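Structure first, commentary second.
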Amino acid sequence: MRFLSTEKLVRPLKGDFTPSLQAGPPAEILSIASRRSATAACLVNQSAEIARAGRAMAQRFHRRGKLIAFGSGPAASDAQHVTVEFLHPAIVGKRALPAVCLLADVASLTGAAEAEGWAEAFATPLRQIDRPVDIALALSSRREPENVRRALRVARDRGLLTVSLVGELDGPSAVVDHRIVAGSGDPLLAREIQATAYHVLWELVHVFLEQPAMLTRTEA
Amino acid sequence: MKHAAEGSLASLYPLVHASAADGRSVLAEIERSTAEKAREAASLREETLLRLADRLISCASAMAIRFGLGGRLFTFGNGGSSTDASAVAQLFLQPPSGRPVAASSLAAETAVVTALANDVGFDAVFARQLAALAEPTDIALGLSTSGNSENVLRAFEEASRRGLLTIGFAGYDGGRMAETDTIDHLFVIHSPSAHRIQETRTTLYHALWELSQYALARQTRRDRVG
Numbered sequence: 002m003r004f005l006s007t008e009k010l011v012r013p014l015k016g017d018f019t020p021s022l023q024a025g026p027p028a029e030i031l032s033i034a035s036r037r038s039a040t041a042a043c044l045v046n047q048s049a050e051i052a053r054a055g056r057a058m059a060q061r062f063h064r065r066g067k068l069i070a071f072g073s074g075p076a077a078s079d080a081q082h083v084t085v086e087f088l089h090p091a092i093v094g095k096r097a098l099p100a101v102c103l104l105a106d107v108a109s110l111t112g113a114a115e116a117e118g119w120a121e122a123f124a125t126p127l128r129q130i131d132r133p134v135d136i137a138l139a140l141s142s143r144r145e146p147e148n149v150r151r152a153l154r155v156a157r158d159r160g161l162l163t164v165s166l167v168g169e170l171d172g173p174s175a176v177v178d179h180r181i182v183a184g185s186g187d188p189l190l191a192r193e194i195q196a197t198a199y200h201v202l203w204e205l206v207h208v209f210l211e212q213p214a215m216l217t218r219t220e221a
Numbered sequence: 025m026k027h028a029a030e031g032s033l034a035s036l037y038p039l040v041h042a043s044a045a046d047g048r049s050v051l052a053e054i055e056r057s058t059a060e061k062a063r064e065a066a067s068l069r070e071e072t073l074l075r076l077a078d079r080l081i082s083c084a085s086a087m088a089i090r091f092g093l094g095g096r097l098f099t100f101g102n103g104g105s106s107t108d109a110s111a112v113a114q115l116f117l118q119p120p121s122g123r124p125v126a127a128s129s130l131a132a133e134t135a136v137v138t139a140l141a142n143d144v145g146f147d148a149v150f151a152r153q154l155a156a157l158a159e160p161t162d163i164a165l166g167l168s169t170s171g172n173s174e175n176v177l178r179a180f181e182e183a184s185r186r187g188l189l190t191i192g193f194a195g196y197d198g199g200r201m202a203e204t205d206t207i208d209h210l211f212v213i214h215s216p217s218a219h220r221i222q223e224t225r226t227t228l229y230h231a232l233w234e235l236s237q238y239a240l241a242r243q244t245r246r247d248r249v250g
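Just so you know, the protein sequences line up as chains E and P, in that order. Here the working numbering = 1-based position in the first sequence + 1. Here the working numbering = 1-based position in the second sequence + 24.
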């Protein structure tokens, strides 16, 4: 026995959606879909940079480096997703690679922010766990916020490979080894593009790790 | 949930493996397959949006009614799906525009999740939280790429018993989530790839958020007129 019959509650609303009475898909859905029509082109245009980033990451893992992921707001959940992707791959038979994110321990995160300020929230913990052979992977659904820029700067100074997935390049950004730009002012669209980007990066890392000869080349 | 169906990377990138001896063409081949995956992701996204259009709209309206009644959104999932549970909750709670509504992820609280897993069992980690937190006007939104996560299925049982609106996201053929009658609005993304499923799922819950904002705005207008 349901408290509310959603069917009954929903039915009177149907009159609002006149498009659904027509033959084609509702206008709201068409608008949502059409705003996404350029998402493929965005990654296609950057496929060379993605390939280079994937190889550089594989080289670090090959040298026993680890991945350190971070990001703010919705990108924090993507940083956690990337971390579990590498550490415990969803696809059977792929080896676990070392990955941590700077977000999971709320005591440490808020402790760092409390002591040093929110701008240092990622740079401070990064300094405590990094080695020069590691990879710093930043995710931002808009432009890079200050705490992400600072952590990337610290990471690069300390010899880490720096990779930044960023929504748009409007405003200040850190100097990094590889940057993949979603090129959308819509942070939701940027996340969708970045999800494909980091899944492909994961796959490429394993492709390169299975072909060690490819890791030693500097130019292809 | 592990996905065994996807086989080896050699099968995903046959030409890469074939051309590995000839290193010069490898990066070019990887660029090509990267572009191919981006196109696959985009077409699955569009296809799925259009296929599920009416269901998304009716689900968004049902959500708006609950939010209008003061209902809250509870999200849950495991692994990568737990990060989507967080992202969905954050989006409804702190939207880039529009009206914020109460939302939280049941996977976020480490102390609660580990306590329940340790004392009761991992299958209960979400259901028990709903039993303690949820009101009948609330909404339960669960994500499982396989559709088979036991703790997600248990949470839907609990939510349904308590009269919550229940919304599920699954991949492949929907797994056990497609067989239960405890999910009011089920969105199944058909693809052999866990990655493509998860990417399209992100689009679907973004669409659901946007549509629920339209429905909330219409509802507010209607309330004013009425």
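Glycine is no exception: its CB is placed at the ideal position from the N, C-alpha and C atoms. Note that this is a predicted model, so its numbers are computed, not measured.
Quiz item: Under a three-way DSSP split, which group does Thr169 of chain P fall into?
Solution: coil
Quiz prompt | Local Cβ density within 10 Å of Leu22 of chain E, reported as buried at 16 or more and exposed below that | solution = Caution is warranted here: a pLDDT of 46 is assigned to Leu22 of chain E, below 50, making its placement in the model unreliable, and the coordinate value is therefore given only provisionally. Classification for Leu22 of chain E: exposed.
Quiz item: Of all Cβ atoms in chain P, is any one closer than 9 angstroms to the Cβ of Glu29 of chain E?
Solution: yes
Quiz item: Taking the C-alpha atoms as reference points, what is the distance between Leu140 of chain P and Asn102 of chain P?
Solution: 15 angstroms
Quiz item: Any Cβ of chain E within less than 9 angstroms of the Cβ of Ser128 of chain P?
Solution: no
Practice problem: For Leu22 of chain E, name the three-state secondary structure that DSSP assigns. | Solution: For Leu22 of chain E, the pLDDT reaches just 46, beneath the cut-off of 50, and the residue's location in the model is therefore unreliable, although a value from the coordinates is still provided. Helix.
Exercise. Reducing DSSP to helix, strand and coil, say where Glu223 of chain P ends up.
Key: helix
Exercise. Please name the residue, chosen from P:Leu130, P:Leu228 and P:Asp143, that lies closest to Ala2 of chain P on a Cα-to-Cα basis.
Key: A query on residue 2 of chain P cannot be resolved here, the shown segment of chain P reaching from 25 to 250 and no further.
Quiz item: How about Arg248 of chain P: is its C-beta nearer than 9 angstroms to some C-beta of chain E?
Solution: no
Quiz prompt | Residue-chain proximity (Arg141 of chain E, chain P), Cβ-Cβ < 9 angstroms | solution = Checking the sequence shown, residue 141 of chain E turns out to be Ser, not Arg. For Ser141 of chain E, the answer is no, since every Cβ of chain P falls outside 9 angstroms of its Cβ.
Quiz item: What residue does the alpha helix (DSSP H) around Ser109 of chain E start on, and which one ends it?
Solution: Val107 to Glu117
Self-check item: Cβ pair Met58 of chain E, Leu162 of chain E closer than 9 angstroms
Solution: yes
Quiz item: From P:Val212, P:Thr72 and P:Ser106, pick the residue whose C-alpha is nearest to that of Gly171 of chain P; which is it?
Solution: P:Val212
Exercise. Say whether chain E places a C-beta atom closer than 9 angstroms to the C-beta of Asp108 of chain P.
Key: yes
Quiz item: From Phe123 of chain E to Val167 of chain E, what does the alpha carbon distance come to, in whole angstroms?
Solution: 16 angstroms
Quiz item: For Thr99 of chain P, which beta-bridge partners are listed by DSSP?
Solution: P:Ser129 and P:Leu165
Practice problem: Figure out for me which residue from E:Val83, E:Asp187 and E:Ala183 has the closest Cα to the Cα of Leu50 of chain E. | Solution: Residue 50 of chain E is actually Glu in this sequence, not Leu. Answer by Cα proximity: E:Ala183.
Quiz item: Mind checking if Gly55 of chain E is an interface residue toward chain P, Cβ cutoff 9 angstroms exclusive?
Solution: yes
Quiz item: Nearest CA to the CA of Arg180 of chain E: which residue from E:Gly172, E:Val208 and E:Leu140?
Solution: E:Leu140
Practice problem: Report yes or no: do the stretch 40 to 55 of chain E and the stretch 63 to 74 of chain E share at least 3 C-beta pairs separated by less than 8 angstroms? | Solution: no
Exercise. Note down, in chain order, every chain P residue with its Cβ under 8 angstroms from the Cβ of Thr79 of chain E.
Key: Contrary to the premise, residue 79 of chain E reads as Asp rather than Thr in this sequence. Result: Thr107 and Ala111.
Quiz item: Got a sec: is the Cβ-Cβ distance from Thr169 of chain P to anything in chain E below 9 angstroms?
Solution: yes
Quiz item: Taking Cβ to Cβ, would you say Leu235 of chain P is nearer than 9 angstroms to Arg90 of chain P?
Solution: no
Quiz item: Is the Cβ of Pro216 of chain P closer than 9 angstroms to any Cβ of chain E?
Solution: no
Quiz item: Bridge partners of Ile181 of chain E, per DSSP?
Solution: E:Leu166
Quiz item: Using the beta-carbon of each residue, which ones in chain P are nearer than 7 angstroms to Pro126 of chain E?
Solution: Within 7 angstroms Cβ-Cβ: nothing; Pro126 of chain E doesn't reach chain P, min ~17 angstroms.
Exercise. Please state if the CB of Leu117 of chain P and the CB of His230 of chain P are separated by a distance shorter than 9 angstroms.
Key: no
Quiz item: What number of angstroms, rounded off, separates the C-alpha of Ala198 of chain E from the C-alpha of Val85 of chain E?
Solution: 15 angstroms
Quiz item: Any C-beta of chain E sitting closer than 9 angstroms to the C-beta of Val50 of chain P?
Solution: yes
Quiz item: On the premise that Ile221 of chain P lies in contact with Gly199 of chain P, defined as a C-beta separation below 8 angstroms, what is that separation, rounded to the nearest angstrom?
Solution: Contact flag wrong, Cβ pair sits at about 11 angstroms.
Quiz item: Can you list, in chain order, the residues of its chain whose CB lies under 7 angstroms from that of Asp171 of chain E, leaving out five sequence neighbours each side?
Solution: Arg144
Quiz item: Ala77 of chain P and Pro27 of chain E look like a contact to me (Cβ under 8 angstroms); what is the Cβ gap, rounded to whole Å?
Solution: 6 angstroms
Exercise. Could you pull the start and end residues of the beta strand (DSSP E) that Phe71 of chain E belongs to?
Key: Leu68 to Gly72
Self-check item: Closest Cα partner of Asn148 of chain E within the set E:Gln81, E:Ile136, E:Asp158 and E:Leu127
Solution: E:Leu127
Exercise. Give a yes or no on whether the minimum CB-CB distance between Arg192 of chain E and chain P is below 9 angstroms.
Key: yes
Quiz prompt | Assigned exposure category for Phe18 of chain E - 16 Cβ within 10 Å defines buried | solution = With a pLDDT of only 43 at Phe18 of chain E, under the threshold of 50, the placement of this residue in the model should not be trusted, and no figure is reported.
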